[in-house]
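*Asks:*
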Amino acid sequence: MSVDNLHDSKIRIDEHSGTPTTGHEWDGIEELNTPLPRWWVWTFYATVIWSLAYCVVYPAWPLLHGATEGVLGWHSRAAVVQDIADLQATRAPILAKIKDAPLDSIEQNPELLAAARTVGRVAFLNNCAACHGAGAQGAKGYPNLNTDAWIWGGKLADIKTTIEHGVRWDADKQTRVSSMPAFGRDGILTPAQVSDVADYVRTMADLPDAIAPETKGEKLFNENCAACHGVNGEGNREVGAPNLFDAVWLYGSDKAVVVNRVNQGGGGVMPAWKGRLDDTTIKALTVYVHSLGGGQ
Amino acid sequence: MSSSETASHGNADGALYAPARKIYPKKVDGEFRRIKWGIQLFTLAIYYLLPFVRWHRGAGEPSQAVLVDLEHRRFYFFFIEIWPQEVYYATGLLIVAALTLFLMNAVAGRIWCGYMCPQTVWTDLFQMTERWIEGDARERMRKDAGRWTLQRIREKLAKHALWLLIAWWTGGAWVLYFADAPTLVHKLATFAPGCGQAYMWIGIFTFTTYVLAGVMREQTCLYMCPWPRIQAALTDEYALNVTYRYDRGEPRESLKHATLLRAQGKPAGDCVDCGQCVAVCPTGVDIRHGASLGCIQCGLCIDACDGVMEKIGRPSRLIAYDTEMNIERRQRGQPSIYKPIRARTIIYAALIVVIGGFMLFTLAMRADMRLNVLHDRNPLTVTLKDGSVRNAYTIRISNMKAATRRFTLEIAGAAGAQIDLVGETADTQGHLIVEVGVDQTREARVLVTMRGAHAADTPLALTFTAREIGGGASISAKDVFLWR
Chain A
21 MSVDNLHDSK IRIDEHSGTP TTGHEWDGIE ELNTPLPRWW VWTFYATVIW SLAYCVVYPA
81 WPLLHGATEG VLGWHSRAAV VQDIADLQAT RAPILAKIKD APLDSIEQNP ELLAAARTVG
141 RVAFLNNCAA CHGAGAQGAK GYPNLNTDAW IWGGKLADIK TTIEHGVRWD ADKQTRVSSM
201 PAFGRDGILT PAQVSDVADY VRTMADLPDA IAPETKGEKL FNENCAACHG VNGEGNREVG
261 APNLFDAVWL YGSDKAVVVN RVNQGGGGVM PAWKGRLDDT TIKALTVYVH SLGGGQ
Chain B
1173 MSSSETASHG NADGALYAPA RKIYPKKVDG EFRRIKWGIQ LFTLAIYYLL PFVRWHRGAG
1233 EPSQAVLVDL EHRRFYFFFI EIWPQEVYYA TGLLIVAALT LFLMNAVAGR IWCGYMCPQT
1293 VWTDLFQMTE RWIEGDARER MRKDAGRWTL QRIREKLAKH ALWLLIAWWT GGAWVLYFAD
1353 APTLVHKLAT FAPGCGQAYM WIGIFTFTTY VLAGVMREQT CLYMCPWPRI QAALTDEYAL
1413 NVTYRYDRGE PRESLKHATL LRAQGKPAGD CVDCGQCVAV CPTGVDIRHG ASLGCIQCGL
1473 CIDACDGVME KIGRPSRLIA YDTEMNIERR QRGQPSIYKP IRARTIIYAA LIVVIGGFML
1533 FTLAMRADMR LNVLHDRNPL TVTLKDGSVR NAYTIRISNM KAATRRFTLE IAGAAGAQID
1593 LVGETADTQG HLIVEVGVDQ TREARVLVTM RGAHAADTPL ALTFTAREIG GGASISAKDV
1653 FLWR
């Protein structure tokens, strides 16, 4: 016994196994000393050295502002940039095909359609979903893009133009512009007249609770609204005037809402995306929106 | 307590860590050694050559019999192809493998450890190389104890070079299971770009093979492997184990003394304490101390002892596959009992048959196509200008055959509905047709529109059916049509 410790006196060779004990004893139960092999402890030291080397090579220690850099200069942000670059490189061939393909032909090619929908969906979620909703379901004042009611046209080329130049987006010269007068606010119509026009519009739409305003509503409509919205309220895409009798209401069909629209006039604003998104992404976005189901 | 055992524990001085004891297993020949050679040759041949076995599946599909195609997420095993969603077959296979291990153990102990475990097979291969270059155990012990000479350096270099070569080949064979083998071999040999990962894995496996089979050897079994610990809890008194029959062997006598005792009609053991069983043991165990964690039950001590018994004219199998229980029975004058068929083995075998049979059955009966339907979450319904209601669905049709197939899509449950497939127009008979390429999944967007204004509330139960054109196979999936 070469080990001197408190338990030295209790260390003995166990007769049954021939193994020394550790000297620890609890109520007559003793512990055999079957030590780990030495390579095991060397392996442990190796992992310690590894961790030290890791601290030197990679960012490791938090400092007051930031952390130690690590001699390799590795950075998680750079790794993400690299991953994105790798992804773009992987997508490059199919994106090039989308770029070269005529807009009308993409949906007829299953491969291009799938790719355009994937790329378009991601672009939509990143850029459009804030207003139009994650499923392009729209909201009050923000059109639902799944349906077939289009203010500025639902053909591929129309959708593309709207995305590129926006709506009432002053910074873009080619933006879609139209401005409905604020009939109530600006005193063009009296509140009673506004109410009559609203009743007339709601009658045209055949809403269940619509009240027919006799003939004065029709007269007021023809004088003030029909120029843009059409005599029958069918709308006009050239000037972005919505259809007034279909089942899709951008702001809602309640009388109060309709009155408010006639009072306030104007319309929503959409940014122009040309220059902010590249042409291929806009193309993919166009196909995505068109393929939601409402495209014409 | 013998001196060799003190050394094996190595802590008579109460040290906290035991120094590794170098083991020089002696060469041996015999029945079990020959079985081991055979299994070694067989298993190594499978490992090194299997990636080169070809299996024709058709155009557009890989022609490698066993292939783990990580890039395309497919696993190929001869006529079987597994998609990621069928990975439970791998789980089933592992369960069957575990049960087979238990069954082998219940019949004859650690057969896996002694004959089939990669650690055993490669260690055997490395020891064979070592003997070939440096000589047998005694010679190596003498050389290790002696001075360094030029000859010695040359031998060591040759040995480690050969070990590294085998290890490198082992790592090289590994990566071939993950890509088309002949193509990859050519690319690796010509240093074609894009093989960085393959080189890295070859490097890792070269290192692990070299370390595990060349350096760690029995330490892996003694300290790293969980199976010896589990095995001890799974065995029973009927399981055959490599056993020293001390009923025959004891008391140990020198050959001369034993002969003398026998001539006088007195009892004498057959064991002449020659130590050959210990000398040939690859893990340095003395089998005469009984079953132990260190014994991998390779049977080499049986061969060594049989050789000695033959020389001294005593019956063979002083060490044999036997049980402790039988030794005790013989000592009491009772006959030995061998019960390979008993509740434990029957249950294991039955479980293997049931699980294996179930897997085979599902594998044989599984459809070669799939249909998934996913209703748009947002918006759930779309109102169109004329008051019609539209629901949109994403469908996925998987074609698991090695041929391009065309399917018609039918939707039942929405009488009078207009059904559109985005990007496709119906054929002249009004059929919506989806074409799915070889071994692929095709995603499509389906629009179901109920024309006219509706005031209905109850959702419609829809059944989507994809029917193969000219094949007759069909598959259905259910979903609903919502009104608002």
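Protein chains in written order, with the numbering used here: chain A, 21 to 316; chain B, 1173 to 1656. Glycine included, C-beta positions come from ideal geometry on N, C-alpha and C.
Which residue or residues does DSSP assign as beta-bridge partners of B/T1553?
*Replies:* Paired residue(s): none; B/T1553 is not in a bridge.
*Asks:* Check distances from the C-beta atoms of the segment 156-171 of chain A to those of chain B and list, in chain order, the residues that come in under 9 Å.
*Replies:* Residues A156, Q157, G158, N164, N166, T167, D168, A169.
*Asks:* In the DSSP assignment, find the alpha helix (DSSP H) that holds A/A232 and state where it starts and stops.
*Replies:* Element bounds for A/A232: n/a, residue is neither H nor E.
*Asks:* For chain A, check one thing: does any of its Cβ atoms lie closer than 8 Å to the Cβ of B/Q1391?
*Replies:* Answer yes: the Cβ-Cβ gap between B/Q1391 and chain A drops below 8 Å somewhere.
*Asks:* Would you check if the distance between the CB atom of B/W1655 and the CB atom of B/A1628 is smaller than 8 Å?
*Replies:* Yes. Within cutoff.
*Asks:* In chain B, which residues lie with their C-beta within 7 Å of the C-beta of A/A225?
*Replies:* By Cβ distance, chain B contributes nothing, its closest Cβ being about 10 Å from A/A225, past 7 Å.
*Asks:* Can you tell me whether A/R222 is helix, strand or coil according to DSSP?
*Replies:* Residue state, collapsed to three classes: helix.
*Asks:* Counting pairs of beta carbons, one from the segment 289-296 of chain A and one from the segment 219-229 of chain A, are three or more of them closer than 8 Å?
*Replies:* As far as the Cβ criterion goes, the segment 289-296 of chain A does not touch the segment 219-229 of chain A, which means the pair count is below three.
*Asks:* Identify the contact partners of A/L176 in chain B, using a Cβ-Cβ distance below 9 Å as the criterion.
*Replies:* None at all; the shortest Cβ gap to chain B is about 12 Å.
*Asks:* Does the Cβ of B/P1197 have 16 or more other Cβ atoms within 10 Å, making it buried, or fewer, making it exposed?
*Replies:* That one is buried.
*Asks:* Are the C-beta of B/Y1287 and some C-beta of chain A separated by less than 8 Å?
*Replies:* No - not a single Cβ of chain A is within 8 Å of the one on B/Y1287.
*Asks:* Using the Cβ count rule (16 or more neighbours within 10 Å means buried), how would you classify A/H310?
*Replies:* Under this definition A/H310 is a buried residue.
*Asks:* Rounded to the nearest angstrom, how far is the Cβ of B/V1414 from that of B/C1467, given a contact under 8 Å?
*Replies:* Confirmed, Cβ separation roughly 7 Å.
*Asks:* Among B/M1276, B/L1239, B/I1305, which residue has its Cα nearest to the Cα of B/I1518?
*Replies:* It is B/M1276.
*Asks:* Between B/L1465 and B/Q1291, what straight-line distance do the alpha-carbon atoms span, to the nearest angstrom?
*Replies:* Rounded to whole angstroms, B/L1465 to B/Q1291 spans 16 Å at the Cα level.
*Asks:* What's the gap between the Cα of A/Y308 and the Cα of A/G155?
*Replies:* Approximately 11 Å, taken between the alpha carbons.
*Asks:* When you measure from the CB of B/V1240 to every non-hydrogen atom of the ligand COA, does any distance come out below 7 Å?
*Replies:* This structure lacks the ligand COA; in fact it carries no ligand of any kind.
*Asks:* Which bits of chain B does A/R58 rub up against, with CB to CB less than 7 Å?
*Replies:* What A/R58 touches in chain B: Y1189, A1190, P1191, A1192.
*Asks:* Have a look at B/P1507 and B/V1268 and give me their C-alpha separation to the nearest angstrom.
*Replies:* Those two C-alpha atoms are separated by around 35 Å.
*Asks:* Between the C-alpha atoms of B/K1259 and B/L1239, what's the straight-line distance to the nearest angstrom?
*Replies:* First, the residue type needs correcting, since residue 1259 of chain B is Val and not Lys in the sequence shown. About 15 Å.
*Asks:* Return the first residue and the last residue of the alpha helix (DSSP H) that B/I1499 is part of.
*Replies:* Looking at the DSSP string, the run of the alpha helix (DSSP H) that includes B/I1499 is 1496-1503.
*Asks:* Give me whichever residues DSSP pairs with B/R1568 in a beta bridge.
*Replies:* Answer is B/N1544, B/E1615, bridged to B/R1568.
*Asks:* Buried or exposed for A/E131, please, with buried defined as at least 16 other CB atoms from any protein chain shown within 10 angstroms of its CB.
*Replies:* A/E131 comes out exposed.
*Asks:* Quick one: residues in its chain with C-beta nearer than 8 Å to the C-beta of B/Y1382, no 5 flanking neighbours on either side, listed in chain order?
*Replies:* Once the five neighbours on either side are set aside, the close Cβ partners of B/Y1382 are W1335, L1336, A1339.
*Asks:* Whose CA, out of B/R1623, B/R1206, B/F1224, B/V1618, lies closest to the CA of B/A1638?
*Replies:* B/A1638 has its Cα closest to that of B/V1618, out of B/R1623, B/R1206, B/F1224, B/V1618.
*Asks:* Just verifying my parser: in three-state terms, what is the DSSP assignment at B/V1383?
*Replies:* Residue state, collapsed to three classes: helix.
*Asks:* Using only alpha-carbon positions, find the residue among A/R188, A/T301, A/N164, A/L133 that is nearest to A/V197.
*Replies:* Among A/R188, A/T301, A/N164, A/L133, the Cα nearest to that of A/V197 belongs to A/R188.
*Asks:* Taking the straight line between their C-alpha atoms, what separation do you get for B/E1302 and B/K1199?
*Replies:* Distance between the alpha carbons of B/E1302 and B/K1199: 11 Å.
*Asks:* For B/E1640, go through chain A and note every residue whose CB falls closer than 9 Å to its CB, in chain order.
*Replies:* Ordered by position in chain A, no residue passes the 9 Å Cβ test against B/E1640, which lies about 18 Å from the chain.
*Asks:* For A/T88, does the count of other Cβ atoms within 10 angstroms reach 16, so buried, or fall short, so exposed?
*Replies:* A/T88 should be labelled exposed.
*Asks:* Under the three-state reduction of DSSP, which class applies to B/V1580: helix, strand or coil?
*Replies:* Note on identity: in this sequence residue 1580 of chain B is Thr, with Val being the wrong assignment. Three-state DSSP puts B/T1580 in a strand.
*Asks:* Just checking: is the beta-carbon of B/A1564 within a distance shorter than 8 Å of some beta-carbon in chain A?
*Replies:* Yes, contact with chain A.
*Asks:* Is B/P1223 closer than 8 Å to B/L1360 when the C-beta atoms are compared?
*Replies:* Not in contact: B/L1360 and B/P1223 (Cβ atoms no closer than 8 Å).
*Asks:* For B/V1606 and B/T1635, what's the separation of their Cα atoms in angstroms?
*Replies:* Going from the Cα of B/V1606 to the Cα of B/T1635 covers about 17 Å.
*Asks:* In terms of residues, what are the limits of the alpha helix (DSSP H) holding B/L1322?
*Replies:* Start and end: 1322-1347.
*Asks:* Going by DSSP in three states, A/A87 sits in which element: helix, strand or coil?
*Replies:* Looking at A/A87 - three-state DSSP - the assignment turns out to be strand.
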